[in-house]
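First up is the structure itself, then whatever we jot down about it.
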Amino acid sequence: MSVDRPFRFTHRWAVPADARSVLALLADPAGYPRWWPAVPRAHRLGPDRAAVRLRGFVPVRLTMERLIDDRARGLLVAHLSGDLTGTVRVTVHDDGAPARRATRCIVVWEQEVVLTSRWMRAVARVPGARAAMGLSHAAAMRSARRALGAKAVPTADPARTTRP
Numbered sequence: 032m033s034v035d036r037p038f039r040f041t042h043r044w045a046v047p048a049d050a051r052s053v054l055a056l057l058a059d060p061a062g063y064p065r066w067w068p069a070v071p072r073a074h075r076l077g078p079d080r081a082a083v084r085l086r087g088f089v090p091v092r093l094t095m096e097r098l099i100d101d102r103a104r105g106l107l108v109a110h111l112s113g114d115l116t117g118t119v120r121v122t123v124h125d126d127g128a129p130a131r132r133a134t135r136c137i138v139v140w141e142q143e144v145v146l147t148s149r150w151m152r153a154v155a156r157v158p159g160a161r162a163a164m165g166l167s168h169a170a171a172m173r174s175a176r177r178a179l180g181a182k183a184v185p186t187a188d189p190a191r192t193t194r195p
């Protein structure tokens with residue numbers, strides 16, 4: 032099995048918050064440690080770059096460089112480099128639910144990467160290692176989904192609003 036074969040991940044989540052607040056969180060990788068448990072450290076390297084450390088079964092060091100930040104269209108795209116090289120594309124839009132329900136947004140996270148660090152490429156040759164790396168990614172993304180729902184500004188549910 033080739034270590035050069037890319038990893039492709041797609042996640043689709045419904046988050047109980049409006050798209051604008053979710054986009055604001057996702058557009059700021061240096062702020063990920065404030066809300067994403069799988070990201071213990073991150074720091075800004077420039078206006079469009081941040082170094083991010085992901086903690087999972089397989090720890091990953093990345094630099095994220097913003098390529099597209101079009102919040103009006105709900106689109107973020109970044110180039111990833113470091114232990115992995117590739118791109119991540121995130122789209123976020125309100126789900127258009129009827130007004131009687133709380134607003135929520137739909138987040139689609141698409142990522143394609145190849146292993147670039149020597150140690151990850153060596154480990155990937157071990158039988159079952161690619162599956163373990165995929166599980167590590169999935170665990171980190173589950174924590175992102177849960178944390179976004181807790182941290183993003185929720186939209187009031189008119190059915191639950193009490194009137195004086």
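With the numbering used here, the residue at position 156 of the sequence shown is 187, and numbering never jumps.
Here a beta-carbon is modelled for each residue, glycine too, at the ideal position from N, C-alpha and C.
Quick caveat, the model's predicted, so the values are computed rather than measured.
If you draw a straight line from the Cα of Ala-153 to the Cα of Ala-162, it is about 14 Å long.
Taking all protein chains in view, the Cβ of Val-157 is surrounded by fewer than 16 other Cβ atoms within 10 Å, so the residue is classified as exposed. Taking a cut-off of 8 Å on C-beta distances, the stretch 38–46 does not touch the stretch 60–67, as fewer than three cross pairs fall below it. For Val-46, the enclosing beta strand (DSSP E) begins and ends at 38–46. Within a 10 Å sphere around the beta-carbon of His-74 sit fewer than 16 other beta-carbons, which makes this residue exposed.
Shown here for Cys-136: same chain residues with a beta carbon closer than 7 Å to its own, the five before and five after excluded, namely Val-46, Ala-48, Asp-49, Ala-50, Val-53, Val-123, His-124, Asp-125, Asp-126 in chain order. About 12 Å separates the Cβ atoms of Val-119 and Val-138, ruling out a contact at the 8 Å cut-off. Scanning the stretch 75–150 for uninterrupted beta strand (DSSP E) segments of 3 residues or longer gives 80–85, 91–101, 106–113, 115–125, 136–146, listed from N- to C-terminal end. Between Phe-38 and Val-108 a beta carbon distance of about 17 Å is seen, past the 8 Å cut, so the two are scored as non-contacting.
Annotation for Arg-161: the continuous alpha helix (DSSP H) segment containing it runs 160–182. Between Met-95 and Val-83, the alpha-carbon positions lie close to 7 Å from each other. Exposed is the label assigned to Trp-150, since fewer than 16 other Cβ atoms lie within 10 Å of its Cβ. Its Cα nearest to that of Ala-175, the residue Val-70 stands out among Arg-102, Ala-55, Val-70. Taking the Cα of Leu-76 as reference, the smallest distance to any Cα among Ser-148, Ser-167, Leu-93 is reached at Leu-93. Bounds of the alpha helix (DSSP H) holding Ser-52 are 50–57.
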